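One structure is given below, encoded as structure tokens.
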Amino acid sequence: METMGPMRIAENLLSDQTAALRQDFPILGRVLPQGQPLVYLDNAASSQKPAAVLQAMETYYRQYNANVHRGVHTLSEEATTAFEAARAKVARFIHAPTPRQIIFTRGATESINLVAYSWGRANLGPGDEVLITAMEHHANIVPWQILQEQLGFTLRHVPITPTGTLDLSQLEKVLTERTRLFCFVHVSNVVGTVNPVQQLVTAARAVGARVLIDAAQSVPHMPVDVQALDADFLVFSSHKMCGPTGIGVLYGKRELLESMPPFLGGGDMIREVTLQGSRWNTIPYKFEAGTPAIAEAIGLGAAVDYLTQVGMEWVHAHERALTAYAYARMAEVEGLQILGPGPEARGGLVAFTLKDVHPHDIAAILDRSGVAVRAGHHCAQPLHTELGVQASARASFYLYNTVEEVDALVAALHKTRQLFAGQKG
Amino acid sequence: METMGPMRIAENLLSDQTAALRQDFPILGRVLPQGQPLVYLDNAASSQKPAAVLQAMETYYRQYNANVHRGVHTLSEEATTAFEAARAKVARFIHAPTPRQIIFTRGATESINLVAYSWGRANLGPGDEVLITAMEHHANIVPWQILQEQLGFTLRHVPITPTGTLDLSQLEKVLTERTRLFCFVHVSNVVGTVNPVQQLVTAARAVGARVLIDAAQSVPHMPVDVQALDADFLVFSSHKMCGPTGIGVLYGKRELLESMPPFLGGGDMIREVTLQGSRWNTIPYKFEAGTPAIAEAIGLGAAVDYLTQVGMEWVHAHERALTAYAYARMAEVEGLQILGPGPEARGGLVAFTLKDVHPHDIAAILDRSGVAVRAGHHCAQPLHTELGVQASARASFYLYNTVEEVDALVAALHKTRQLFAGQKG
Amino acid sequence: MSDDLYREAILDYYKHPRHKGHLAAPDIRSHDHNPFCGDEVTVELKVVDGIVVDAAFDGHGCAISQATASMLMEEILGKTMEEIRAFDKEYILEMLGIEIGPVRLKCALLPLKVLKAGAYGLEEWPE
Amino acid sequence: MSDDLYREAILDYYKHPRHKGHLAAPDIRSHDHNPFCGDEVTVELKVVDGIVVDAAFDGHGCAISQATASMLMEEILGKTMEEIRAFDKEYILEMLGIEIGPVRLKCALLPLKVLKAGAYGLEEWPE
Ligand SMILES: Cc1ncc(COP(=O)(O)O)c(C=O)c1O
Ligand SMILES: Cc1ncc(COP(=O)(O)O)c(C=O)c1O
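Protein chains in written order, with this note's numbering: chain A, 302 to 726; chain B, 302 to 726; chain C, 5 to 131; chain D, 5 to 131.
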């Protein structure tokens with residue numbers, strides 16, 4: 302890869318297929334108020350949606366909108382069938398053994414909190430340890446901090462190296478016989494690092510710890526097989542994978558989910574309620590109190606269909622090539638510093654800093670060229686602190702992004718450089 | 302009302318306006334597989350959505366889909382603006398003093414659980430009491446049972462009379478100096494009872510208890526003013542009020558919300574995260590961890606606009622007239638027993654039993670005539686137990702229902718009677 | 005008409021259930037209910053040399069669950085426990101001779117769940 | 005062009021900030037930061053007879069927050085504390101002479117928050 306110039310990489314991109322795919326995403330035709338076509342490179346924050354996903358939800362609302370599970374009438378039966386079909390689709394997509402191991406939540410964040418409140422309360426106490434890493438998203442840090450206050454276990458972390466990979470030389474020190482749960486991100490949403498899941502799971506097994514994998518940035522972008530990974534818990538969000546907002550997934554091993562106490566109480570999660578007490582329903586319903594996000598589940602099912610049709614191998618290869626190209630072109634920009642490892646070992650995103658220009662200013666100036674990137678700490682403040690930067694700007698790619706869009710990004714970065722030229726002082 | 306015959310009532314219905322309103326709801330044109338037009342009378346479970354709501358969400362997804370709050374680029378700014386505008390609309394709709402008192406959740410169920418986990422943990426312990434009523438939805442029972450196990454307070458309930466109203470003669474016995482929180486439903490989703498909120502709140506205040514009002518069946522159907530009701534907490538769901546699935550609301554008094562610890566941890570709810578600990582954001586964000594249901598909030602905002610334009614006074618009056626008509630017509634069906642109080646004091650729904658016919662069979666047979674009603678315990682098992690019935694069937698109305706649809710219901714009920722005629726053996 | 009949930013036969017079994025009641029000294033007794041609608045079914049079996057020689061059900065609930073229970077009692081007379089353990093969803097649907105949606109399916113399958121829990125000696129048939 | 009976040013003047017204040025640094029013996033010192041982007045601003049004031057006679061800011065962050073802080077220091081010289089307490093969002097927007105979206109608005113208003121917290125003697129300006 303090192304020796305492959307940007308142009309060679311660009312040629313490898315299957316741009317014909319990308320051009321066709323772009324037609325599936327209505328928003329990509331948008332012209333921004335500043336008169337520029339949209340160059341959407343903020344996919345790690347939230348992806349765009351293909352028309353098929355919007356259509357699936359429209360059809361639900363226009364044809365068979367009704368509450369699920371408890372209805373006997375036609376609309377409710379249709380809605381129940383579509384809702385449960387979506388669960389089965391998601392199960393197949395991540396190779397879960399059964400659909401009942403797919404629990405619908407609002408997103409990756411709620412999924413992790415569900416594990417914390419339910420599994421955590423039943424399994425953690427003083428003397429126990431939960432292990433996270435220094436590159437986690439806040440969603441995989443804060444729930445454990447909140448729980449720690451209440452239960453009195455110890456929260457430890459795997460440190461990172463200056464290039465933004467896990468410092469595995471320290472793993473033995475922090476992963477101990479007391480570790481009950483090891484929570485780590487599959488692909489970092491800032492440095493792009495793809496963590497060595499197998500190695501981490503094996504290490505966890507050796508000390509008898511469970512693992513929770515934050516797959517918010519992997520499930521949308523590469524084939525993920527929860528059984529091959531041997532994940533105890535795995536979480537992700539619909540809105541980052543061509544699906545609607547308002548829904549996400551918790552996958553769990555069946556015996557774990559079955560043994561866990563419920564999280565939220567209400568309709569659908571019970572077998573029987575009396576004023577004296579209640580009995581719980583089976584999984585997945587035990588963890589889905591109240592009216593679920595029905596249209597959203599159906600939309601997520603359609604997103605999974607869409608991605609399957611495109612092919613996750615193709616998505617992954619496309620993003621790898623695009624990222625390698627972007628990495629090489631961006632490195633040419635004066636004063637630009639890329640966070641994280643080299644292009645050969647990263648997910649489809651590039652976070653960076655630009656000398657003397659605050660990331661917010663970078664993003665704002667790129668926006669004037671129609672290029673949408675994110676700026677800030679990307680909900681990973683500790684990671685930025687460890688890397689010694691306040692914030693960064695981030696370009697993140699998806700199946701519909703093109704070489705031309707990367708070129709637009711690089712051109713806008715050069716413009717930014719010029720605008721801020723002249724010493725600060 | 303007692304002396305007004307069904308025909309007089311029907312004449313009072315403003316059917317011209319209803320006919321116009323029906324055009325706003327695409328699904329109402331649906332013809333079912335059995336060849337019948339849809340007569341949707343399952344609105345208490347979930348309402349239908351006007352085109353304007355679907356349009357608002359489509360526009361978001363097709364024009365400015367992006368994650369909120371943290372983005373600097375155009376799409377994210379537009380999304381943030383629309384998302385926060387929706388919050389302001391909801392605040393106005395229920396007369397909340399400020400938008401920051403509107404917390405977006407997945408629905409009424411999550412809203413109550415949020416109060417249980419956050420306010421409950423900070424305020425409840427052995428010796429304390431939480432008071433509910435025997436007519437609560439499971440969403441307002443089970444969270445308190447789960448919490449009770451963990452915190453050791455006592456859960457008590459206000460009993461009901463055989464006609465399904467609160468037995469206020471018992472209130473003094475169960476609402477005591479030890480009561481910290483009184484949780485009650487505004488309008489029952491089974492017996493239709495409209496509870497005397499003012500009296501209940503006054504009684505709670507007298508003993509220093511806070512009140513949580515389950516407004517899932519009132520906010521969609523009548524004007525609700527949280528300040529006039531003096532609610533400490535008030536909850537409802539979008540999907541029952543012309544809005545999308547996947548979102549609901551917790552309203553709270555500002556000083557309460559501000560003093561409460563967070564519920565879910567993750568992005569957006571923090572001010573600052575380090576590996577050692579975190580500081581929380583201000584309300585409402587403190588309670589909105591992770592990517593929120595963005596499209597859904599925008600859809601709910603559009604639903605609130607729609608309902609405001611129709612006028613909540615009109616909606617209420619329409620439903621009252623329709624319910625009175627239905628009550629009178631249904632009472633004519635042989636063997637049909639209506640649960641709950643008379644038509645003059647109920648919300649827009651009628652739950653009932655039919656001698657020798659199980660409610661599921663009623664619903665299934667009505668479905669053959671295209672009439673969608675619900676059957677079961679409607680997530681209010683204790684209420685059914687108290688009334689001495691296993692289950693009931695329920696017809697529930699909304700702004701688009703008509704006298705003709707009630708007639709179709711009644712005709713189908715007569716058919717059901719006939720089909721099951723002949724003594725059970 | 006095979007898509008009619010309430011064909012004559014089913015209504016007839018509901019209105020005039022066969023094998024409803026209790027056995028004097030059952031060898032197997034099993035009970036379960038459907039939390040979503042409150043259907044309840046109890047099954048009692050008399051078993052000699054692994055063969056069902058008498059069967060009864062009791063319960064209450066919708067026509068589908070109760071008629072299915074009654075039909076099922078007729079069906080199992082003379083069957084071996086092994087045959088009963090092999091009963092599945094398709095068996096019930098064929099017996100009923102109707103198509104059935106996902107929600108009502110629970111009603112139709114409740115008697116089977118109860119029967120199989122009994123045949124396997126389980127507290128409750130796992131979903 | 006009034007919708008340009010990065011008009012010359014603002015960039016100039018960012019690149020060559022006026023009143024950046026610290027006062028020898030400030031009467032008022034106030035600090036805050038914007039958690040979403042890490043912008044930080046400290047304001048120090050010298051106040052005689054209720055009138056600001058000297059002012060300085062320090063901090064780091066985006067051009068908007070830092071340029072606004074610098075401009076604001078120039079603006080308040082000679083103003084009374086009462087006048088400062090009356091400053092609002094519109095005042096800042098007029099001073100900047102640009103339109104600004106909801107997210108970047110936080111950057112622009114951070115110096116005002118810090119200033120007003122100082123003027124009122126509050127630990128932190130309530131949102
Ligand atoms: C009175 C009442 N409370 C709470 C709920 C729960 O609402 P949701 O399922 O939308 O969370 C409902 C609706 O089923 C209801 O009718
Ligand atoms: C790695 C990672 N984990 C968790 C999350 C949280 O996802 P959500 O905000 O959809 O709950 C994100 C997205 O922001 C992420 O990138």
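C-beta atoms are modelled at their ideal positions from N, C-alpha and C, and glycine is treated no differently. All values derive from a computational prediction rather than experimental measurement.
Annotation: Cβ neighbours of B:S377 in chain D (cutoff 8 Å, chain order): V107. Along the segment 15-38 of chain C, the positions whose C-beta sits under 8 Å from a C-beta of chain B are L15, Y18, K19, H20 and P21, read in chain order.
Between A:I433 and A:N424, the gap from beta carbon to beta carbon reaches 8 Å or more.
Look at C:Q70: its beta carbon is at least 7 Å from all of the heavy atoms in ligand 2. In the three-state reduction of the DSSP assignment, B:T686 falls in the helix class, which pools H, G and I. Apart from the 5 residues on each side of it in sequence, B:Q500 sits with its Cβ closer than 8 Å to the Cβ of L469 in its chain, given in chain order. As for any alpha helix (DSSP H) of minimum length 4 sitting wholly inside the segment 314-349 of chain B, the runs are 316-323, ordered along the chain. Interface annotation, C:G65: in contact with chain B, CB-CB separation under 8 Å. Between ligand 1 and B:D515, a heavy atom-to-CB distance of less than 7 Å is present. For B:Q349, the CB contacts under 8 Å within the same chain, skipping 5 residues up- and downstream, are F326, I328, L329, Y341, C543, Y699 and Y701 in chain order. Put simply, the CB of A:N490 is far from chain B, with every gap to its CB atoms at 8 Å or more. Residues of the segment 687-698 of chain A with a C-beta atom less than 7 Å from some C-beta of chain D are Q691 and A692, listed in chain order. The Cβ-Cβ distance between C:G25 and C:D58 does not fall below 8 Å. The DSSP-derived three-state label of A:W581 is strand.
Listed along chain B are H678, Q691 and A692, each with a C-beta nearer than 7 Å to that of C:G42. Beta-bridge annotation (DSSP): A:L482 is paired with A:V431 and A:R511.
Taken from the Cβ of B:Q518, at least one heavy atom of ligand 1 lies inside 7 Å. Note on geometry: alpha-carbon atoms of A:S697 and A:A673 lie some 10 Å from one another. Taking a cut-off of 8 Å for Cβ pairs, the segment 71-86 of chain D and the segment 12-26 of chain D touch, as three or more such pairs fall below it. In the three-state reduction of the DSSP assignment, B:D668 falls in the helix class.
Cα atoms of C:E48 and B:I666: separation of roughly 31 Å, rounded to the nearest angstrom. Along the segment 382-407 of chain B, the positions whose C-beta sits under 9 Å from a C-beta of chain D are T382, E385 and R401, read in chain order. Taking each of C:S34, C:E79, C:V51 and C:D16 in turn and checking the Cα distance to C:G125, the smallest one comes out for C:S34. Using beta-carbon distances, B:H659 counts as an interface residue toward chain C, with a partner under 8 Å. D:G122 carries a helical assignment under DSSP once its states are collapsed to helix, strand and coil. Remark: the C-beta of B:N496 is outside contact range of ligand 1, defined as less than 7 Å to any heavy atom. Close partners of B:G372 in chain D (Cβ separation under 8 Å): V107. Interface residue (Cβ-Cβ distance to chain D less than 8 Å): B:I571 is classified as such. At least one heavy atom of ligand 2 sits closer than 7 Å to the Cβ of B:T592. Each of A:A435, A:V488 and A:T477 was checked against the Cα of A:T462, and the nearest Cα belongs to A:A435. Contact annotation: A:T592 and B:H540 have beta-carbon atoms nearer than 8 Å. Taking 7 Å as the cut-off, one finds at least one heavy atom of ligand 1 near enough to the beta carbon of B:G549. Within the segment 441-475 of chain A, the runs of beta strand (DSSP E) that reach at least 3 residues and sit entirely inside it are, in chain order, 455-459. With a cutoff of 7 Å, B:V369 does not count as near ligand 2, since its C-beta is closer than that to no heavy atom of the ligand. Of the residues A:R457, A:Q719 and A:V508, the one whose Cα lies closest to the Cα of A:F485 is A:R457. Its chain contains T72, A112, L113 and L116 as the residues whose beta carbon lies nearer than 7 Å to that of D:I96, once the 5 sequence neighbours on both sides are disregarded; these appear in chain order.
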